[in-house]
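Sequential numbering from 12 applies to the sequence shown in the numbering used here.
All residues carry an ideal CB built from backbone N, CA and C; glycine is no exception.
It should be emphasised that the depicted structure is a prediction, and the values quoted were computed from it without experimental measurement.
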Amino acid sequence: MIAKNFVRMLKDVNAKKKAATQYFNRLLKSNKNENIKLIAVAKNESPYLLEWIFHHLYFGFKEIDIYYNGCTDNTTDLIPLLADFPVNFINCDDTFNGEVQAPQVYVYRQAFHLTPNKVFDALLFLDIDEFWVPSDFTQTISDVCNNVGAFDTLSFQWRNKLEKQSKFKPAIEGEFSYEPLRQVKTLYRTYVSPAQLNPHNTLDEGLRQLFEDGSPLAPLNDQKSQVEVADNVKNAYILHRKERSEYEYIAMLLRGRPVTQHAEGLPLKANREGFKPNYKCETITYSGEDFDAYRAYMNQHMNEKRFTTFQKEAQEHVNNRYQLVRDLIENAEVRDKQLIDRLLRGVELPDILLAYNKFQEEMNIAK
Numbered sequence: 012m013i014a015k016n017f018v019r020m021l022k023d024v025n026a027k028k029k030a031a032t033q034y035f036n037r038l039l040k041s042n043k044n045e046n047i048k049l050i051a052v053a054k055n056e057s058p059y060l061l062e063w064i065f066h067h068l069y070f071g072f073k074e075i076d077i078y079y080n081g082c083t084d085n086t087t088d089l090i091p092l093l094a095d096f097p098v099n100f101i102n103c104d105d106t107f108n109g110e111v112q113a114p115q116v117y118v119y120r121q122a123f124h125l126t127p128n129k130v131f132d133a134l135l136f137l138d139i140d141e142f143w144v145p146s147d148f149t150q151t152i153s154d155v156c157n158n159v160g161a162f163d164t165l166s167f168q169w170r171n172k173l174e175k176q177s178k179f180k181p182a183i184e185g186e187f188s189y190e191p192l193r194q195v196k197t198l199y200r201t202y203v204s205p206a207q208l209n210p211h212n213t214l215d216e217g218l219r220q221l222f223e224d225g226s227p228l229a230p231l232n233d234q235k236s237q238v239e240v241a242d243n244v245k246n247a248y249i250l251h252r253k254e255r256s257e258y259e260y261i262a263m264l265l266r267g268r269p270v271t272q273h274a275e276g277l278p279l280k281a282n283r284e285g286f287k288p289n290y291k292c293e294t295i296t297y298s299g300e301d302f303d304a305y306r307a308y309m310n311q312h313m314n315e316k317r318f319t320t321f322q323k324e325a326q327e328h329v330n331n332r333y334q335l336v337r338d339l340i341e342n343a344e345v346r347d348k349q350l351i352d353r354l355l356r357g358v359e360l361p362d363i364l365l366a367y368n369k370f371q372e373e374m375n376i377a378k
């Protein structure tokens, strides 16, 4: 009993100490957010890096760090091509191949302690399939942060883009459909240094946590990763390209190095669910001079001669992975049927369905 009380007292002391530190950090740090850094972890996502980078540079992120790991595509070929842009590529194979339990979160947590990052006012962590998008295309990330007032963290809600038929299309088009989701991604003031962190938010107490519209964040779960779906976006949201097109979805199912078979089963990602038969679908439309200026900037940079060979090779890696997955499906074992059925839910690509039918015929599985 004495030991438990001591531990409880120690936790209370540490919590109060941390709260006091946060309070003084707020006092010492300006409420202004002029220098904001974007950080991502990437693996075999070379076809999407350029668009993701230039999109966020356009909207005012001052610097971007990309921690790459386990890449078998041409990701590293991009490093010299972007030498004159504020983009840093960091190899983190040791972290992902080591004994760290949650390497992605570990990378995020370490970012708060890196000296070069202390000059920034805030950090945002996104995946390469996530795009920070302002509701007003004249607004930068700094504008939005400064508009909502003082905060320790600022969370933005997901909109899951629906693009089943759109192979290698731009993330932000003049019109597209999306599914509103509860999940959020969070921007942190650099003085926060969260002790408890997940990919969506910090679990630390005593923080001034706001939603994108400036209201207090009202999480629905213990992980603080979800809030009620907002009817409207006031300042900004996160566009999430969860599956991209059917073709790209099939290609991304391959996990690890592109081998033909693993002893324990298919080398396919088991945490995918295919496409739902029905989505709560909404449509967004962009037009006018502000959107045209954005598209002109993106087209100018994406079509630069120095990037054309890289982009062509990057897309070829997707094509190769697609064919590997197709072959894996066709030559799968009976033990793999449950996994394949789940992964191919809602997939309508003729050659994938043909491969699946051949797999069933070979295994004498009833349809």
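Cβ pair residue i, residue j closer than 8 Å
i	j	result
lysine 54	glycine 81	yes
phenylalanine 167	glutamate 223	yes
phenylalanine 142	isoleucine 249	yes
leucine 173	tyrosine 290	yes
asparagine 246	asparagine 158	yes
phenylalanine 136	tyrosine 119	yes
leucine 214	glutamine 207	yes
methionine 309	histidine 66	yes
proline 145	phenylalanine 70	yes
arginine 337	glutamate 284	no
isoleucine 47	aspartate 132	yes
arginine 340	alanine 307	The question names arginine, but residue 340 in the sequence shown is isoleucine. Not in contact: isoleucine 340 and alanine 307 (Cβ atoms no closer than 8 Å).
glycine 357	lysine 280	no
glutamine 115	valine 52	yes
phenylalanine 302	phenylalanine 148	yes
isoleucine 77	alanine 122	no
leucine 198	threonine 164	yes
glutamate 45	serine 153	yes
lysine 175	glutamate 259	no
Which listed residue (the options) has its alpha carbon closest to that of residue i
i	options	result
glutamate 184	Val130, Pro210 and Ala304	Ala304
histidine 328	Thr86, Ile47 and Ser153	Thr86
leucine 91	Gly71, Phe321, Thr149 and Trp169	Note that residue 91 is proline in the sequence shown here, rather than leucine. Residue Phe321 is the option with its Cα nearest to proline 91.
glutamine 334	Phe65, Thr83 and Met263	Met263
threonine 296	Tyr189, Ser41, Lys48 and Ile139	Tyr189
leucine 277	Leu198, Lys348, Ala161 and His211	Lys348
methionine 371	Val358, Ala182, Ile351 and Leu360	Strictly speaking, residue 371 in this sequence is glutamine, with methionine absent from that position. That would be Ile351, whose Cα lies nearest to the Cα of glutamine 371.
valine 130	Asp138, Gly217 and Tyr202	Tyr202
proline 97	Phe123, Asp105, Ala113 and Leu68	Leu68
lysine 180	Phe107, Glu254 and Gly225	Glu254
glutamate 344	Lys369, Lys178 and Ser41	Lys369
asparagine 212	Leu134, Ile363, Val244 and Ser177	Leu134
methionine 160	Phe148, Ser226 and Asp104	First, the amino acid is wrong: residue 160 is glycine here, not methionine. Answer by Cα proximity: Ser226.
isoleucine 261	Gln150, Asp242, Ile363 and Leu125	Ile363
lysine 196	Lys178, Gln176, Ser177 and Lys235	Lys235
glutamate 315	Leu93, Lys73 and Asn282	Leu93
cysteine 156	Phe72, His124, Ala229 and Asp140	Phe72
8 Å CB neighbourhood of residue i in its chain, flanking five on each side removed
i	result
glycine 109	none
glutamate 186	Thr294, Ile295, Thr296 and Tyr297
arginine 346	Gly276
leucine 89	Ser57, Leu60, Leu61, Phe100 and Phe321
methionine 313	Leu61, Glu62, Phe65 and Gln322
valine 182	A quick correction: the sequence has alanine, not valine, at residue 182. Correct list, in chain order: Glu62, Trp63, His66, Phe142, Lys172, Leu250 and Arg252.
asparagine 41	First, the amino acid is wrong: residue 41 is serine here, not asparagine. Counting only Cβ-Cβ distances below 8 Å, and skipping sequence neighbours, we find Asp132.
Close beta carbons around residue i, own chain, < 6 Å, minus the five adjacent residues each side
i	result
alanine 274	In this prediction, alanine 274 has a pLDDT of 44, which is less than 50 and means its spatial position is unreliable; what the coordinates show is noted afterwards. Here the set comprises nothing.
tryptophan 169	Leu192, Gln194, Ile249 and His251
threonine 271	Low confidence applies here, because threonine 271 scores a pLDDT of 39, under 50, leaving its location unreliable and the question unanswered by this model.
arginine 200	Ala133 and Asp163
glutamate 359	none
asparagine 342	none
arginine 317	Leu92
Beta-bridge pairing of residue i - partner residues as DSSP gives them
i	result
serine 188	Leu173 and Thr294
lysine 48	Glu74 and Leu134
lysine 196	Phe167
leucine 208	Thr213
phenylalanine 148	Per DSSP, none; premise fails for phenylalanine 148.
glutamate 141	His251
glutamine 237	Gln194
proline 227	Leu221
tyrosine 202	Paired residues: none, contrary to the question.
leucine 265	Leu279
tyrosine 79	Ala53 and Asn102
Neighbourhood of residue i by C-beta, 7 Å cutoff - its chain only, sequence neighbours within 5 removed
i	result
leucine 231	Arg193, Gln237, Val238 and Glu239
cysteine 292	Leu173, Ser188 and Glu190
arginine 268	Legend: pLDDT at arginine 268 = 43, less than 50; position of this residue unreliable, value from coordinates given subsequently. Excluding sequence neighbours, arginine 268 sits near Thr83.
asparagine 5	Missing from the structure shown is residue 5; the chain here goes from 12 to 378 and no further.
leucine 125	none
alanine 325	Ser57, Pro58, Asp84 and Asn85
proline 361	none
Which residue spans inside the stretch 152-184 form an unbroken alpha helix (DSSP H) run of at least 4? 152-158
What runs of the beta strand (DSSP E), each 3 residues or longer, lie entirely inside the stretch 292-348? 293-296
Runs of beta strand (DSSP E) wholly within the stretch 90-115 (minimum 3 residues, chain order): 98-102
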